[in-house]
DNA sequence: GACGATGGTCAGAGTCTCTGACTAATTTGG
DNA sequence: CCAAATTAGTCAGAGACTCTGACCATCGTC
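Chains as they are written, first to last, in the working numbering: chain A, 1 to 146; chain B, 147 to 292.
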């Protein structure tokens, strides 16, 4: 029945992921958000609504805190984020998204919704739901921060 | 019913992908294959059984041919690949995997199979099949080389 | 209050990636 | 058949990313 491909599941996961990421980057660039790099974006993506510590950003992005610091420096210079003191810990600072970041996020979210709609149109509603359900379940054993 | 997460599908795809990749790299390093980098691996992964042209490797890895050439140079020095003339085109050379690459691939394939088995144990056979089915279908509209 | 752990920075080096310019071979069109 | 456009690949240089190691300040614990 279903023409099962012989590719391993890793590749099958990666292909649509990369396709989606490419679409988002293209849309952001077209909207004028072309002053940040993919590496910076991968860090910025992980900033929570109330700010996130550098160390936590580094862990989630799986880079060293030095690298994260370097990338946040760029983002700060480009006005995407600012660092505010963490009221609960004088050592720490919270990396917070600035308006520019939220504006970019709005664009990005729009594209993601659009692509998800395209995928649903191709797969059918049932399969799309099954896909998200399986992936959500998988997160339990693959996401250290789940 | 299913506790659907609110994460976008991109993140949902990325998380298990990265978990799998991490497992593979760890196993390869443990088996002694620690003399290549992730960037080199992403190129090596795309070499076909009969060799692949540099330009094609670059396209599929979504990097420039200059970068691909740089990475293949390293892989060649480390004896993972060799370049042989393309009999059908005197301009071109085929990047071919060497024995060392096939040995590493064997390790990698083993780990992938192992992880897939773990995932199937967690999801159940039915959901795992649905997952692969949906991803395979998705490939039709997300993989330019499908 | 001393001590180990945690949050973060500074300095330096190595790796990855790109743009631009170039050569050689192939393909196309007249 | 041959000139022009295309394609495969390389060289050179610069910028971006990432790491290891060393370091300081603060926090939490005993």
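Glycine included, every Cβ here is placed at the ideal spot set by N, Cα and C.
### Buried/exposed call for residue 252 of chain B, threshold 16 Cβ in 10 Å
Its Cβ having fewer than 16 others within 10 Å, residue 252 of chain B is exposed.
### Task
Would you check if the region 182 to 198 of chain B and the region 269 to 282 of chain B touch, i.e. whether three or more CB-CB distances between them fall below 8 angstroms?
As far as the Cβ criterion goes, the region 269 to 282 of chain B does not touch the region 182 to 198 of chain B, which means the pair count is below three.
### Query
Bridge partners of residue 126 of chain A, per DSSP?
DSSP, once it has assigned bridges, lists no residue as partnering residue 126 of chain A.
### Query
Between B:287, B:276, B:261, which lies nearest to residue 142 of chain A when the distance is taken from Cα to Cα?
That would be B:261, whose Cα lies nearest to the Cα of residue 142 of chain A.
### Query
Using the beta-carbon of each residue, which ones in chain B are nearer than 8 angstroms to residue 43 of chain A?
Chain B residues near residue 43 of chain A: none, gap ~14 angstroms exceeds 8 angstroms.
### Task
Verify the CB distance criterion: does residue 203 of chain B have a CB-CB separation below 8 angstroms to chain A?
Residue 203 of chain B does not count as touching chain A.
### Query
Could one say the Cβ of residue 14 of chain A lies closer than 8 angstroms to chain B's Cβ atoms, at least one of them?
Closer than 8 angstroms to some Cβ of chain B, the Cβ of residue 14 of chain A qualifies, so yes.
### Query
Which chain B residues are close to residue 94 of chain A, counting only those with a beta carbon under 7 angstroms from its beta carbon?
One finds nothing in chain B with a Cβ atom closer than 7 angstroms to the Cβ of residue 94 of chain A; even the nearest lies about 22 angstroms away.
### Query
What residues of chain B sit near residue 130 of chain A, judged by a beta carbon separation below 8 angstroms?
Within chain B, the residues near residue 130 of chain A are 273, 276, 277, 280.
### Query
Which residues in the same chain have their Cβ closer than 8 angstroms to the Cβ of residue 269 of chain B, if we skip the five residues on either side of it in sequence?
Closer than 8 angstroms at Cβ, skipping near neighbours: 277.
### Query
Along the chain, which unbroken stretches of the alpha helix (DSSP H) at least 4 residues long are found entirely within the region 64 to 115 of chain A?
Correct list: 65 to 77.
### Task
Just grab the DSSP bridge partners of residue 198 of chain B for me.
Beta-bridge pairing by DSSP links residue 198 of chain B to B:241.
### Query
Between residue 104 of chain A and chain B, is there a C-beta pair that is closer than 8 angstroms?
Output row for residue 104 of chain A: interface = no.
### Query
Thinking C-alpha only, which one of A:109, A:57, A:140 is nearest residue 92 of chain A?
Of the candidates A:109, A:57, A:140, the one whose C-alpha sits nearest the C-alpha of residue 92 of chain A is A:57.
#### Entry: Sequence-distant residues of the same chain with beta carbon closer than 8 angstroms to residue 294 of chain B, five excluded per side
Residue 294 of chain B cannot be examined here, being either before or after the span of chain B that is shown, 147 to 292.
### Task
Can you tell me the Cβ-Cβ gap for residue 230 of chain B and residue 221 of chain B, rounded? I've got them flagged as a contact below 8 angstroms.
Taking 8 angstroms as the upper bound for CB-CB distance, residue 230 of chain B and residue 221 of chain B are not in contact here, some 14 angstroms apart.
### Message
If I measure Cβ to Cβ from residue 52 of chain A and keep anything under 6 angstroms in the same chain, skipping five residues before and after, which residues do I get?
### Response
Exclusion of the five residues before and after residue 52 of chain A leaves 95 as the residues of its chain whose Cβ lies within less than 6 angstroms of its Cβ.
### Query
Roughly how many angstroms lie between the CA atoms of residue 174 of chain B and residue 182 of chain B, to the nearest whole one?
Our two residues, residue 174 of chain B and residue 182 of chain B, have alpha carbons roughly 10 angstroms apart in a direct line.
### Task
Over the uninterrupted alpha helix (DSSP H) stretch that includes residue 184 of chain B, give me the two end residues.
Here the alpha helix (DSSP H) through residue 184 of chain B covers 184 to 190.
#### Entry: residue 287 of chain B at chain A interface by Cβ criterion, 8 angstroms
Answer yes: the Cβ-Cβ gap between residue 287 of chain B and chain A drops below 8 angstroms somewhere.
### Query
In whole angstroms, what separates the C-alpha of residue 1 of chain A from that of residue 69 of chain A?
Unreliable placement is indicated for residue 1 of chain A, whose pLDDT of 42 sits below 50; the coordinate value is still reported in the next sentence. Approximately 51 angstroms, taken between the alpha carbons.
### Query
Is the beta carbon of residue 300 of chain B less than 8 angstroms from the beta carbon of residue 11 of chain A?
No information on residue 300 of chain B is available, as it lies outside the stretch 147 to 292 that chain B covers here.
### Query
For residue 250 of chain B, which residues of its own chain have a beta-carbon under 7 angstroms away from its beta-carbon, when the five flanking residues on both sides are left out?
Cβ within range, chain order: 174, 179.
### Task
Determine the chain A residues that contact residue 256 of chain B at a beta-carbon separation under 8 angstroms, and present them in chain order.
The premise fails here: residue 256 of chain B is roughly 11 angstroms from chain A at the closest Cβ pair, so nothing lies under 8 angstroms.
### Query
Where residue 233 of chain B and residue 20 of chain A are concerned, what is the direct C-alpha to C-alpha distance, given to the nearest angstrom?
Near 37 angstroms, if we compare the C-alpha coordinates of residue 20 of chain A and residue 233 of chain B.
### Query
From B:254, B:224, B:209, B:223, pick the residue whose C-alpha is nearest to that of residue 169 of chain B; which is it?
B:254 is the residue among B:254, B:224, B:209, B:223 whose C-alpha sits nearest the C-alpha of residue 169 of chain B.
#### Entry: Amino acids of chain A, ordered along the chain, whose beta-carbon sits closer than 9 angstroms to that of residue 165 of chain B
Within 9 angstroms Cβ-Cβ: 138, 141, 142, 143, 144.
### Message
For chain A, check one thing: does any of its Cβ atoms lie closer than 8 angstroms to the Cβ of residue 194 of chain B?
### Response
Judged by the 8 angstroms Cβ criterion, residue 194 of chain B is not in contact with chain A.
### Task
Return no unless some Cβ of chain B is closer than 8 angstroms to the Cβ of residue 123 of chain A.
Yes, contact with chain B.
### Integer-rounded CB distance, given that residue 159 of chain B should sit under 8 angstroms from residue 139 of chain A
At roughly 11 angstroms, the Cβ-Cβ gap does not stay under 8 angstroms, so residue 139 of chain A and residue 159 of chain B are not in contact.
### Query
Apart from the five residues just before and just after residue 65 of chain A, which ones in its own chain have a Cβ nearer than 8 angstroms to its Cβ?
Answer for residue 65 of chain A: 54, 55, 58, listed in chain order.
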